[in-house]
Amino acid sequence: MIDAEQQIAYGGKLWQKWQNLSFQKILPDFAPEIANFPALQETASEKTYQFLTTLLSGKYSIRDLAVQKQTDCLTFLRSISPYIQLGDIELLEIPDIPYPIAIPQNKTDIQPNIEHTTDAKQLLIACVALSPVMSQVMAKVATVASYKFIGESDSMEAMPLLLNCKPDLIFLDIELPGLSGYEICTQLRQLEYFSKTPIILFGRNIGLIERMKSKMSGASEIFQQSMDVQSIFGLVKKYGQLVVSG
């Protein structure tokens, strides 16, 4: 499993850097919003302006936006801090949001047959990923879909975990050191139990070669790690329905 002590230590280091960079008065729960559109348009490039005006609505916190962009709060805040200092972006205090940005929060948005079936057997999602952020995204997606979740960051521990827990959906990082997602998928496909289990691969850069390797390993699908959370949620719904329908 992902080492809790490592996560705490990592979080502590980020918080120390946050304070050292004069962000003490800014909390990750603050929501950035465009305060001066004309000034921002003059300051930022056209591409940056379009990006910021689309992303920063004042509804989502720095923490939520960092999860959506698959980075940490400090890195995200650094990217917008010049515009905050210029007064082009302001930070608002908002109530806590229970689920990550762009994921449906109303369970009526989830297919009824999945919701009803999970009462009898709650599906289990496993994610083996190097990135703690990716694991956090998958954990929250699983929560919204009413699924259980297990995460692992060590590729050498992945096989024993998967064999023991027998998840219904498996997400594997192709860039895992030691034993890549391709190799884990190939090994799982050799076992009768996992012959039809949805196995989805992901990585930072997905091109033709990666797609060919994915197909050869027997993976159900492969996607780019930077894909938006809503699309990842769509994959979970899609393959969850296949598992439920048998």
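Read in order, the letters of the sequence shown are residues -9 to 236 in the working numbering. Using N, Cα and C, we set each Cβ at its ideal position, and we do this for glycine too.
Residues near residue i by beta carbon distance below 6 Å, same chain, minus five either side
i	result
Ser145	Leu166, Gly168, Leu169
Leu82	Ala21, Glu23, Gly48
Ser207	Tyr172, Cys175, Thr176
Lys37	none
Ala119	Ser125, Asp163
Contact under 8 Å by Cβ, residue i with residue j
i	j	result
Ser51	Ile84	yes
Cys175	Ile189	yes
Tyr39	Leu30	yes
Ile212	Ser204	yes
Leu114	Cys155	yes
Ile140	Pro122	no
Thr33	Tyr73	yes
Rounded Cβ spacing between residue i and residue j (contact assumed at less than 8 Å)
i	j	result
Arg68	Pro18	Contact doesn't hold; Cβ gap of about 13 Å is too wide.
Val226	Gln58	Not really, about 16 Å apart at Cβ, beyond 8 Å.
Ile160	Leu152	7 Å
Phe41	Leu55	Actually they do not touch by this definition, with Cβ atoms about 12 Å apart.
Beta-carbon proximity list for residue i, same chain, < 8 Å, skipping 5 on both sides
i	result
Met124	Gln60, Cys117, Asp163, Phe192, Gln215
Gln112	Ser136, Tyr137, Lys138
Ile70	Pro22, Leu42, Leu46, Ile79
Arg194	Glu165, Gln214, Gln215, Ser216
Close-in-space but distant-in-sequence residues of the same chain around residue i (CB under 7 Å, 5 per side omitted)
i	result
Asn26	Gly77, Asp78
Where residue i falls, given that 16 or more other Cβ within 10 Å makes a residue buried
i	result
Tyr172	buried
Gln126	buried
Pro28	exposed
Ile199	exposed
Glu142	buried
Tyr229	buried
Leu178	buried
Met128	buried
Lys130	buried
Start and end residues, beta strand (DSSP E) containing residue i
i	result
Glu23	20 to 24
Phe306	Within the shown structure, residues of the chain are numbered from -9 to 236, placing residue 306 beyond reach of any answer.
Ala56	Note, Ala56: premise wrong, no beta strand (DSSP E); alpha helix (DSSP H) at 52 to 58.
Lys138	138 to 142
Gln214	211 to 214
Ile190	189 to 193
Ala129	Taken as a continuous stretch (DSSP letters only), Ala129 belongs to no beta strand (DSSP E), being part of the alpha helix (DSSP H) at 122 to 134.
Leu114	114 to 118
Alpha helix (DSSP H) segment containing residue i, residue limits
i	result
Phe223	219 to 235
Leu178	171 to 179
Phe41	36 to 45
Ile74	63 to 75
Glu83	Taken as a continuous stretch (DSSP letters only), Glu83 belongs to no alpha helix (DSSP H), being part of the beta strand (DSSP E) at 79 to 83.
Ser204	198 to 207
Pro150	145 to 155
Leu30	27 to 33
CB contact below 8 Å: residue i versus chain B
i	result
Pro28	Within the model displayed, chain B is absent; a lone protein chain is all it includes.
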